[in-house]
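Here the sequence shown is numbered in the numbering used here, starting from 219 and rising by one per residue.
We put the CB at the ideal spot given by N, CA and C, even for glycine.
Comments concern the structure below.
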Amino acid sequence: MIIKNRISKIMVVILLFFNYALVNAQTIVSSLVEFREAVQNSNQNIILESGDYYLEDLPSNSRVINCTGSGNTIDMTGARINTLVGSIREVYFIISGDNNILRNGVVEDFYKNGLDEVTDFSAYNNDRDNLAYGLRGDPIMSITGNQNLVEGLEMIVKGSFPYGYGSQYGIGSQNTFGLSKRCGILITGSDGGGIGNTLDGITMYHYAFGHGIFMQSGASETTIKNCYIEGRIRLSNDIYNDTETYDLPYITDYKFPAGDGSWRLPFEESYDIPLNHVYPLSEDGIRSYNNTGSVTVENCTVKQMRGGIRLYLASSATVTNSQAIDCGSGGTNYNMPAGGTIIGSSGNFTYAPLSDFRLSRSRQNIEMTIIPSPNAIGPHNIADILGNDHNIIFHRIPGPLDLDEERAIVVYGDNSTIVNETEYTIILESGATGNTVSSCGLVINNGSNNSISQLNDCDTVPPPSSSFTPDPNKTYYIDNPYHNLRLASNGSSEDAYTTSTQTTGDDVAWKFVAKGNGSWHIQRAAGGTKPRLRTDNSEFADMQATTNSGTYTYYNFTQGTSANTHFITLPDGPSGRQRLQIDNSGLVRFMSSSLDGTWESFSITEITPNNNGSSTIVHITKRNATGFAVDGMGDGADGQNVYLWSANQNNVNQQWIEIDRGNGYYSYQKIGTDYCIDGNSQGANRQNVYLWSCAQDNQNQHWKKVSVGGGAYKLIKRNAPGYALDGGSNGTNAQNIQLYDALNTSQNLQWIITPIDDIKAPDVSNDSKVILYPNPVINTVTIKGAANSIIRIYDINGKVLSVKHISNDIETMDVSSLAQGLYYIKVNGDTNVSTIKISKK
């Protein structure tokens, strides 16, 4: 009995060993023919011996390696599969079985002429057989099975058409010259698989137009970890070196297509290829498409691709300890699906936003570090936070503060909690409500019902105690926009007072004097015996001599309740009397620094010739259709359209008061009205532009003048810097003016801005048709024969004191406010100009 039991045990062990050997049979192959056959079997340990292999060694009609077997471990350590560009036009490495492991090895595309890096894009794209030869959109590797693992693989991807222009000539069916992309790795469930696959330790150098790693319909439970994907970028200036008649930029007259349905030649809409712009030459690094399930990305880096980690179309996604840098120009470094999570990751904003929250996906949980981008170009923001109910934390990296960065983190959605540990500004747009923001950087709240607080632990990030930094060599108005009142002092009284925001002159001009501790004294610029604003520890403001310089007299400035407003606070002032306020009666008071409402919010505006009683009147014509100008139609009303009309400087509908809003921004007020050119809230391609009641703090009416050479400017919307004023193609009467992508270099977005106002004392010239009486003048003057004219009154030095549009043939003007002396009245009519000297008694 004991002997039988021992024999039985021995037989069981032998059978188990035999079955194990069958399940894990080792197959060593030394050719691609053998390799292709081996991977069609299952439960093998397959070793491709070290060495170089060439896909061309396979018959031309069967060069696809399809791993149809399951349960295989495929070891390619030391092996390199080289693929001649032009030798195959379809995916050539497929894993369609299940539960396979593919380890190590290199898959590299190479060119017949030995070219390593493309620098001559002209010659490259002209050789469609040997160089610019793609896979018609296919990847090198496709994973269609389930539960497969690819780890340690290196890929060098080359060969596509066109290459060197990014996405500018199209990405899909809408394209200009046809497409033959070449991608890296695709995971897809198109054949019923695509579930539970993992990519680990993939290194991909992507030098073709196409995606790096991407997922299509049916792919789910995908894990991508420890991967590195790098593309190439090209400076747009280099594109102008493609000068052969067969070069794509030459054929398109160095223009890129713009708009929908305009990809084919001749372009319906286009723009000049911009200078000093960078184009990534590939598509996205890690990308999901429609009907993809969950995706997990861990410890990955994507660099210089069009988009970094773009998973917004997945059903769910988690990204941890990853980095996306220098991606963009048509993409973004990150975007996530609704409910997506980013943890411990980082990115920059050199060429595109850190994230664009594509399609306003909501409920995202994000914790990431913003990398400074001192060489950033383009009008994009640091991040565009769309959607609602996010929880977001932005960290900063150690190092010097990036205090010169003008871009901001812009919030459009609602009910998000944002902790900003960086020095960068956050802007809450007008539609943003219910957000809770804690920030080391400045917060500009244009929205409503948002809760704003200052973080205390900001390390080397200074609190935004300088929401406004005065220039001691300039003078300013201090206004309360809520009450529409202006701070004033006569220089001799102890009482500060308020007056209309239309008031100019010495009483309302203030200057700031540095205390030397980071704070500022505020005092009447014209001086006086009591020019300095202070508190005397009572409710009402006090004016005293400049010998008063203690803790009751110096101020800091922090963000007010709305954009471009500031709280003015005595940081060391007496308790309960630290914050400046104008109350409902117009009284100037000092109250508790805990008060943070509209009564305590002040706009501080530099006094320039344009806002101190002088006006620069301009005529704005379209650069590539100079016979047409910006026209505001007759009179003015909220929502009244702005369009092109035949250019005529004497047409009052085309005359605009250019108002300097500071920092290179201007508003354009229609002459004779209180209406300004307004771009509406936020920004979008073809968003309409109209007239709206002028408001100093309405950034929809602020336009940055950006010189584009030749005396022309782009007018870029201040609170939507991705969009500029666009006049459409060519020009015709009543052609609409709209917003369009500010990166577009078409002359449709370029404007010639011509002053039509004199800035010196005008020469006297009296047209006999214009009669002015009485002269000398006491209180009123009557002007006859000046119907439909612009009347300007100048002082003897040429300073414009008032501008008025009159439509009647006989008009009476009140000049009682003018001091006694000599003045000029200039009448600009439709067909003549008259200048008459008057004497004011």
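Query	Result
Bridge partners for S864 per DSSP, in chain order?	F846
Would the beta-carbon of I1043 fall within 8 Å of that of K1002?	no
Roughly how many angstroms separate the alpha carbons of G382 and W728, rounded to a whole number?	56 Å
Can you look up P590 in the DSSP assignment and give me helix, strand or coil?	coil
Quick one: residues in its chain with C-beta nearer than 6 Å to the C-beta of E1060, no 5 flanking neighbours on either side, listed in chain order?	The shown model of the chain, from 219 to 1059, leaves out residue 1060, and the question about it has no answer.
Check whether the segment 795-813 and the segment 863-876 touch, using three or more Cβ-Cβ pairs below 8 Å as the test.	no
Do you know how far the Cα of W969 is from the Cα of L404?	46 Å
Look at the alpha carbon of P699 and the alpha carbon of N948, and state the distance between them as a whole number of angstroms.	41 Å
How about T587 and I615: do their beta carbons lie closer than 8 Å?	yes
Bridge partners for G709 per DSSP, in chain order?	According to DSSP, which records beta bridges pairwise, G709 is partnered with nothing at all.
Determine the direct distance from the alpha carbon of R936 to that of G791, and round the result to whole angstroms.	36 Å
Under 8 Å, with one C-beta from each stretch per pair, do the segment 833-844 and the segment 961-968 reach the 3-pair mark?	yes
Short of 7 Å in beta carbon distance, which residues of its chain neighbour I225, apart from the five on each side in sequence? Order them along the chain.	Here the model assigns I225 a pLDDT of 46, short of 50, so the residue's position is not dependable, and the following value carries that caveat. Excluding positions up to five away in sequence, the list is empty.
Could you pull out every residue in the same chain whose Cβ sits closer than 8 Å to the Cβ of N348, ignoring the five residues on either side in sequence?	V303, G304, Y329, K330 and N331
Can you find the residues in the same chain that come closer than 8 Å, C-beta to C-beta, to K1059, ignoring five residues on each side of it along the sequence?	P994, V995, I996 and Q1038
Taking C-beta to C-beta, are G511 and L529 nearer than 8 Å?	no
Between the Cα of D892 and those of G854, Q905, I627 and Y884, spot the shortest distance and give me the residue it belongs to.	G854
Using the rule of at least 16 other Cβ atoms within 10 Å of the residue's Cβ for burial, across every protein chain shown, is I740 buried or exposed?	buried
Using CA atoms only, rank isn't needed, just tell me which of E487, Q953 and E462 is closest to Y861.	Q953
Could you check where the beta strand (DSSP E) with F311 kicks off and where it finishes?	F311 to I313
Excluding sequence positions up to five away, which residues of its chain have a Cβ less than 7 Å from the Cβ of I670?	V655, V661 and N663
Is the beta carbon of L483 sitting closer than 8 Å to the one on T394?	yes
Give me, in chain order, the residues of the same chain whose beta-carbon lies closer than 6 Å to that of G631; leave out the 5 immediate sequence neighbours on both sides.	L604, G605 and N606
Applying the criterion that 16 or more other CB atoms from any shown protein chain within 10 Å of the CB defines a buried residue, is K376 buried or exposed?	buried
Roughly how many angstroms lie between the CA atoms of S268 and Y468, to the nearest whole one?	46 Å
By Cβ distance below 7 Å, which residues in the same chain neighbour G477 in space, the five residues on each side in sequence not counted?	E486 and E487
Among S899, Q365, G649 and F612, which one has its Cα closest to the Cα of I1071?	No information on residue 1071 is available, as it lies outside the stretch 219 to 1059 that the chain covers here.
Please classify S885: is it buried, with 16 or more other beta-carbons within 10 angstroms of its beta-carbon, or exposed?	buried
If you check the beta carbons only, do T753 and F820 fall under 8 Å apart?	no
I'd like the ranges of any alpha helix (DSSP H) spanning at least 4 consecutive residues and lying wholly in the segment 250-323.	250-256
In three-state DSSP terms, what is I600?	coil
What residue does the alpha helix (DSSP H) around S340 start on, and which one ends it?	F339 to N344
Can you give the Cα-Cα distance for L250 and D622, rounded to whole angstroms?	57 Å
Are S314 and D409 touching if we call contact CB-CB under 8 Å?	yes
I'd like the span of the beta strand (DSSP E) that includes Y770, first residue to last.	Premise fails: Y770 is in no beta strand (DSSP E) and is neither H nor E.
Compute the distance between the beta-carbons of L499 and G396, then report whether it is under 8 Å.	no
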